[in-house]
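Student:
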Amino acid sequence: MKPYVWSALTVHIHGERHLTDLNAPFIAIANHSSHVDTTVIYGALPRRLSRNLAAGAAADYFFKKKTSALGTRLFFNAYPVDRGGMKGHAGLSGRLLDDGVPLLIFPEGTRSRTGAMAKFKMGVAALSIQQSVPVLPIALVGAYAAMPYGQKLPVPGRPTVHVVFGNPLRAHPGETVPRFTERLYNRVVELHDTTARAYGMPTQADFHRSVALKAAAKKAKDSSTTD
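Counting with the numbering used here, you get residues 7 to 233 for the letters of the sequence shown.
(1) Does the beta-carbon distance from Y191 to S39 come in below 8 Å?
(2) Hey, could you find the ends of the beta strand (DSSP E) F171 is sitting in?
(3) Is the beta carbon of L110 sitting closer than 8 Å to the one on G49?
(4) Between which two residues does the beta strand (DSSP E) containing P86 stretch?
(5) Would you mind working out which of P9, K8, A14 sits nearest V161, comparing C-alpha positions?
(6) Tell me the DSSP secondary structure of A143 in three-state form.
(7) Excluding the 5 residues preceding and the 5 following T166 in the sequence, name in chain order all residues of the same chain whose CB lies nearer than 6 Å to its CB.
(8) T26 by DSSP, collapsed to three states: which one?
(9) Whole angstroms are fine: how far does the CA of E114 sit from the CA of K125?
(10) Would A30 and P108 qualify as a contact pair, given that the criterion is a beta-carbon distance under 8 Å?
(11) Can you say whether A145 is buried or exposed, counting buried as having 16 or more other CB atoms within 10 angstroms of its CB?
(12) Measure the Cβ-Cβ separation of A223 and L142 and say whether it is below 8 Å.
The following block contains the structure:
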């Protein structure tokens with residue numbers, strides 16, 4: 007899918023120097039707001055790191071039907087990740103890492119509907135500590151505008167998307183899963199916002215402010231209607 011996505015978007019890659027000493031297995035994480043996210047990450051990574059990369063995909067969404075599961079496996083080397091009450095795939099991420107397979111996981115659990123990042127779930131931090139593997143933080147800047155929630159294709163005009171790689175991270179000695187999770191979240195936000203400011207694009211604070219303003223406007227409208 008890279009030739010199509012690269013022709014539909016203008017992709018810029020930053021922080022490749024942070025990948026020099028990275029070897030499998032590892033866990034790549036990123037903010038998630040678009041269906042182009044996975045393809046852009048695969049295409050931006052060097053072939054030596056993306057060749058065996060397995061993408062965690064929501065079991066209740068991508069693996070519910072055989073047809074969608076086949077396409078997801080074929081294009082993204084995907085495997086099912088439980089984000090709800092399904093427990094049939096517990097431990098699969100750990101077994102893949104044990105076999106030397108690097109993983110791509112979106113720790114928000116689902117795509118953002120607004121561009122604003124949700125807090126990370128703790129599974130990635132726990133998995134990194136348990137398996138003693140590094141976490142590669144990645145920020146995607148512009149992906150939401152390029153193909154927001156509900157869009158079937160990227161918007162016309164080859165919109166710009168920045169892929170920003172950070173330094174691989176591990177938990178500090180004695181660091182708890184919640185604290186490591188928070189540190190991973192803050193690092194992705196930092197990577198996102200530093201690049202967004204440099205190129206005049208919305209920061210996470212801008213996205214969250216927009217969400218708050220829309221919620222306030224809706225509340226005021228509902229209140230006036232009731233009155």
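Cβ coordinates follow ideal geometry from the N, Cα and C atoms, glycine included.
Here the structure is a predicted model, which means the values were calculated and not measured.
Tutor: In brief:
(1) No, they are not a contact pair.
(2) Here the beta strand (DSSP E) through F171 covers 166–171.
(3) No, they are not a contact pair.
(4) Per DSSP, P86 is one residue of the beta strand (DSSP E) stretching across 85–87.
(5) Cα-wise, what sits closest to V161 is A14.
(6) Reading the sequence as shown, one finds Pro at residue 143 and not Ala. Reduced to three states, the DSSP call for P143 is strand.
(7) Contacts found: T16, G148.
(8) Coil at T26, not helix or strand.
(9) Rounded to whole angstroms, K125 to E114 spans 6 Å at the Cα level.
(10) Yes. Within cutoff.
(11) Buried is the call here.
(12) Note that the C-beta distance between A223 and L142 is not below 8 Å.
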